[in-house]
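Using this note's numbering, the letters of the sequence shown correspond one by one to residues 1194 to 1588.
Note that beta-carbon positions come from the ideal geometry of N, C-alpha and C, so glycine has one too.
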Amino acid sequence: MTERSTAVGQTERARIQQRVVASRTVVTERISDAIRRQIPAYATLGDAQRRETEAIAAWGVQRLLELWVFGTSLDEADLRQFHGIGVARGTDGRPLFAVLRAYRVAAVEASGLIHEMAGDDLTLDDALALNRVLLESLDEISEVLFAGHTSATTRLTGDRADVVRALADDLVTGRQTSTAALADRSEQLGIALPSRFGLTVVGSPDGEEVTAGEVARFAAAVDDPDGDALVLTTTRSGQGVLLHSRPVVDATPSARWRVCVVDDVALADLPATFRVASAAVRHAPAEAFGSGPLDEADALLVALLRGEPRVDPRTFASTALRPLLAPGQAHVLEGLSAYLLTGSSTEAGRRLGLHPQSMRHRLRRSRAVTGRDLADPWDHLVLRTATTVLAIAAD
């Protein structure tokens, strides 16, 4: 850096600006790396959040250079932008001190990079001007970030029920579900999210909207002898949605409500599973609910028959026949498939070279293992479709 008594002028500053902008990728990576290295809350960001951080860094450096080149200050649009960022970080649950520190780290790193890239083209006066822009901007940015973050956290913590509903909504739609975001939101609520949830969707056959009170009634059916089960509830498009860490004991459908229960769903699979379950509750024929709530196989069959949501037939088949695909059950599956193909236990036994009594034993075993009754039209359709898909897939 030279010590000429006059500034290099707007033209020379613009040249330095162009030099820095031309190295935009290097600049944003250096700033992003510094933030992740120095601030633990940013070290575990997911890919989407990391890209967002880099985009904000790139935009911030560009605006800083513009303010320096033209001798201006942050305008109302800039401040609204940073206020919105503060709101977003508060909604994510990212700690305020970490957010403010990230901007301080970014400012220091950006200043060092500009000095480094300017070299001897930077005068003392222009270096001082750059530092002044940094300090003044950082002061204003910190103020609006604080205001935005505080407004978001106040809104979120003002009504815990709303926060829980928002979390349930985000889990079933796949919004803000990175590991870091969920960890922050769980800490804010004082809960521990399991890696897998049970999913229950409740709806009406005539379009009646499910109320929060009805959802609460179904939530009370969750098996919770120790009082430590986690149940998140919300309503979406007139349906009740429950995410539960323990099984539902009694979710029997009635003339008023249709129910679908899917057990053991990974967090990442919740959005797709919810779409399938929601569509099944809305579109499944009445006979599908004859023996109780729909399960995952029922919901997948409805999707397969409707053509949406899109499902792989093999996924449906393996789900419907999962108990019979376990070790030691091949003979039961063989007997079931033969019966469904022939429509007669006598003919199925003859094809397999089995005594009629042995064939009947296999069919009884199939019912016990799958929970499906071949005398029930819907259960028969589920098993017939699944075994057919399995046979076609094996060819």
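A check of alpha carbon separations from ALA1414 across VAL1301, THR1393, PRO1398, THR1428 identifies THR1393 as the nearest.
Taking all protein chains shown into account, LEU1487 has 16 or more neighbouring C-beta atoms within 10 Å of its C-beta and is therefore buried. DSSP places PHE1275 outside any beta strand (DSSP E); the residue lies instead in the alpha helix (DSSP H), whose first and last residues are 1269-1285. For ASP1416, there is no enclosing beta strand (DSSP E), since its DSSP letter is neither H nor E. Counting along the chain, LEU1526 sits inside the alpha helix (DSSP H) bounded by residues 1523-1535. For the set ARG1468, LEU1545, ASP1226, the Cα lying nearest the Cα of THR1366 is the one of ARG1468. Taking the CA atoms as reference points, LEU1315 sits about 11 Å from ALA1322. One thing to note: GLU1333 has its Cβ within 8 Å of the Cβ of LEU1272. By the neighbour-count criterion, in which a residue is buried when 16 or more other Cβ atoms sit within 10 angstroms of its Cβ, LEU1498 is exposed. If the five residues before and after ALA1492 are omitted, its C-beta is found closer than 6 Å to the C-beta atoms of CYS1453, VAL1469, ALA1470, ALA1473, all from its own chain and listed in chain order.
Contact between the region 1215-1226 and the region 1263-1279 is absent, with fewer than three C-beta pairs closer than 8 Å. Look at GLN1231 here: in three-state DSSP terms it is helix.
For ALA1587, the closest C-alpha among the options ILE1232, SER1511, MET1310 is that of SER1511. Per DSSP, THR1347 has no beta bridge partner at all. Between LEU1529 and SER1559, the C-beta spacing is below 8 Å.
Per DSSP, reduced to three states, the secondary structure at VAL1220 is helical. In the structure shown, GLN1369 falls within a coil segment according to DSSP collapsed to helix, strand and coil.
Per DSSP, reduced to three states, the secondary structure at LEU1238 is coil, with no helix or strand assignment.
Shown here, LEU1425 sits in a strand according to DSSP, grouped into three states.
Around the CB of THR1347, fewer than 16 other CB atoms lie within 10 Å, so the residue is classed as exposed. One thing to note: LEU1375 has its Cβ no nearer than 8 Å to the Cβ of VAL1356. Taking all protein chains in view, the Cβ of ALA1303 is crowded by 16 or more other Cβ atoms within 10 Å, so the residue is classified as buried. Contact between ALA1412 and LEU1514 is absent: CB atoms are separated by about 31 Å, not below the 8 Å threshold.
The region 1434-1472 is shown to contain whole beta strand (DSSP E) runs of 3 or more residues at 1451-1459, in chain order. Residue pairing by DSSP places GLY1396 opposite ARG1451 in a beta bridge. Taking a C-beta distance under 8 Å as the contact criterion, SER1371 and ALA1241 qualify as a contact pair. 8 Å or more divides the Cβ of TRP1450 from the Cβ of SER1484.
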